[in-house]
Amino acid sequence: MTAHLSSKTSNNAVSYINGRIYTIDPSRAWASGFIVSPDGLFTTIGTTEEVLSIAKSSSLVTVDLRNQFVMPGIHDAHMHVLYSGLALTSDANIGFDSTAANIAQKVKEGSCACKYAHAYGDWILANIFNNEGFPDMVADRKYLDEMFPDTPVAVRGAAAHSLLLNTEALKRAGYDIENEPDVQASRFMRRADGSLTGELSETAMNKAMIAFPDPALSHVKRALKHAIHIAHRAGVTSCQEASANTLMLHALQELDQEQTLKMDFSTHIVYAPEYVAGEKQETLIKLLDDAEQYKSKHVDTRFVKIILDGVPLPPLFTQCGLDENGKPDQSKVVVEDVAEAIAKYDERGMTVKAHCTGHGSTRMALDAIEDARKRNPGGPRHEIAHNSGVHDDEYARYKNLNVTAEMSPAMFFTHPLTASSGGLMDWDFVKMLNAGAHVTIGSDWGAAPDPSLFGAMAGIVQTVGGGSVERGGELVCRMLTINGAEAVGRENEVGSIEVGKKANFIVVDRDLSKGEFEGAEVLETYFEGDLVWERED
Ligand SMILES: [Zn+2]
Ligand SMILES: [Zn+2]
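Anchor point for the sequence shown: position 489 equals 483 in the working numbering, and the numbering is continuous, going up by one each time.
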């Protein structure tokens, strides 16, 4: 008998009973039990009685869900998983309130306090600087140089669209400190004499980000695992990585080969700009050409990322708006060949995610997608990321052009900065939904301690429901699950609790289908039937 022992035979299935299971399947919105096969698929969905009778006759292990709310795992449509994993484990954390007087000391203390030191050779990367803390809002390298005359230091800005480098870092990255020329959509802050202050934003960061030494691949894997663990805590079982590069795809490939990757990844490989990937465009294009060979069970590489403009946040305001003739402000356009790039990857059936935060960039990306659709009518679904600045004329185009409205960063939907932006930042869910757009939600996770979307959903659920929190709850639950699965073309595998789909589900401490997002917490996260996260009481 023992010779035939296997964990893959049907008696290894697990039955779950007594749940309040919100399936997202319109043909059966609620169930109270299900059975998960040894290979992690839902095989039966029904009532507790139905499940128990099968469980008894097949002697299955049974889990009592104790009347708790269960739903499919969350699909986060926009995460920077590698960046977050590295930042949380290997960067110096200096908080949000450093000043000219204390930033160097904070970097020094922070670099000793991070979990893993020396991940980037002798460079120190720190998070984050804030112009508010500096005289005249000028964050100058001189505040770092005295303590770090020979060590390259780079401090990231809040929105990940700016950096502060000390003099040694500028030199190592190859900047001409006295006479560095501007490039398209670059923003070099300069002293009165024209030399660099060390603060760089948008494409001015390209050389710096490329110069940061790559951590060893084993450390990249460690950082990814750390980030995935945190994402599980937020109930995420599937994500769109918004800045995939060569290093990350190698790490994901190894993790999946080792069968330790407990998350579905759709990897948006960066086409441009280089700073987002920390890698030269030459090798990024090669990676896009070779994307197929990095595909594995949990990694779908059929995705591209283009950052078309900056951010509508102070003090940058690098978003691309429209001029009085309705034309995009070309000075803010980061990727000038966006139309050619979208056409190229559209031909290959790859989904492009275009970061657009202004009326101009959004129009430009939709125009490019429209051109691609004319040339290749059966081409893939594309995405506009962010959608914080969408001109009224544009809403109807999302549905017509089969474009996903990927709404992010969720934490800004109802943020005070958004409210006080005078319309510059405005995530208009009502207009988007009324126009019939396919809507997904992204955290745009980039090093925050908690990427959970629930707090942000509490802020929009009533608006989304047209005044009804309950109606909003249903719609938001779909945006967080099946809509994400559809956006990445995997709606037959994940996104709802249905027979034949992967058993990715979460147990939550309240009923999200009724819009109860405020204070909601994930109690358990399951990936392909495995318990991958459990809240400790
Ligand atoms: Zn973005
Ligand atoms: Zn992003």
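C-beta atoms are modelled at their ideal positions from N, C-alpha and C, and glycine is treated no differently.
- CA-CA distance, glycine 115 to proline 209, rounds to 8 Å.
- Between the stretch 230 to 249 and the stretch 62 to 73, the count of C-beta pairs closer than 8 Å reaches three or more; the two stretches touch.
- Residue pairing of proline 322 in beta bridges, as defined by DSSP: Leu316.
- Looking at the DSSP output, asparagine 121 shares a beta bridge with Asn87 and Arg150.
- Distances from the CB of serine 355 to the heavy atoms of ligand 2 are all 8 Å or more.
- Within 8 Å of the C-beta of isoleucine 301 there is at least one heavy atom belonging to ligand 1.
- Taking a cut-off of 8 Å on C-beta distances, the stretch 293 to 310 touches the stretch 263 to 272, as three or more cross pairs fall below it.
- In this structure threonine 475 is in contact with glycine 489, their Cβ atoms being roughly 5 Å apart against a cut-off of 8 Å.
- Listed by position along the chain, the residues with Cβ atoms less than 6 Å from a non-hydrogen atom of ligand 2 are His72, His74, Ala236 and Asp438.
- The criterion of a C-beta distance shorter than 9 Å is not satisfied by valine 328 and alanine 148.
- With a threshold of 8 Å, the Cβ atom of alanine 266 does not count as near ligand 1, since no heavy atom of the ligand is closer than that.
- For methionine 358, the enclosing alpha helix (DSSP H) starts and ends at 353 to 369.
- The beta carbon of valine 526 sits closer than 7 Å to those of His226, Lys256, Thr519 and Tyr520, all from its chain and outside the five residues before and after it, given in chain order.
- Beta bridge pairing from DSSP links phenylalanine 259 with Cys233 and Val293.
- Assignment of isoleucine 29 by DSSP, reduced to helix, strand and coil, places it in the strand class.
- Relative to the non-hydrogen atoms of ligand 1, the Cβ of histidine 349 comes within a distance shorter than 8 Å of at least one.
- Distances from the alpha-carbon of phenylalanine 311 to those of Ala335, His353, Ile279 and Ile336 put His353 closest.
- Straight across, the Cα-Cα distance linking serine 414 with alanine 429 is about 26 Å.
- With a contact defined as Cβ atoms closer than 8 Å, leucine 447 and alanine 228 qualify at about 7 Å.
- Collapsing the DSSP output to three states places phenylalanine 128 in coil.
- Isoleucine 171 sits in coil when the DSSP states are folded into three classes, being neither helix nor strand.
- Judged by pairs of C-beta atoms under 8 Å, the stretch 344 to 362 touches the stretch 376 to 395, as three or more such pairs exist.
- Counting along the chain, isoleucine 378 sits inside no alpha helix (DSSP H); it lies in the beta strand (DSSP E) bounded by residues 376 to 380.
- If you check the C-beta of histidine 380 against ligand 1, you find a heavy atom less than 8 Å away.
- When C-beta atoms of the stretch 503 to 513 are compared with those of the stretch 469 to 487, three or more pairs fall below 8 Å, so the two segments count as touching.
- The alpha carbon of aspartate 250 has as its nearest neighbour, out of Leu281, Asp340 and Asp294, the alpha carbon of Asp294.
- Bridge partners of leucine 59 according to DSSP: none are assigned.
- In the three-state reduction of the DSSP assignment, cysteine 471 falls in the helix class, which pools H, G and I.
- Inter-residue distance for asparagine 173 and phenylalanine 182 is about 11 Å (C-alpha atoms, whole angstroms).
- Counting only unbroken stretches of 4 or more residues, the alpha helix (DSSP H) elements lying wholly within the stretch 453 to 515 are 463 to 473 and 476 to 481, in sequence order.
- Residues Thr295 of the same chain have their beta carbon placed closer than 6 Å to that of lysine 289, with the five preceding and five following residues left out of the count.
- Rounded to the nearest whole angstrom, the CA to CA distance from isoleucine 435 to proline 129 is 38 Å.
- Non-local C-beta neighbours of glutamate 140 in its own chain, meaning closer than 8 Å and more than five positions away in sequence, comprise Ala98, ordered along the chain.
- In the structure shown, the three-state DSSP call for valine 214 is helix.
- For the pair glycine 459 and histidine -2, the Cα-to-Cα distance works out to about 54 Å.
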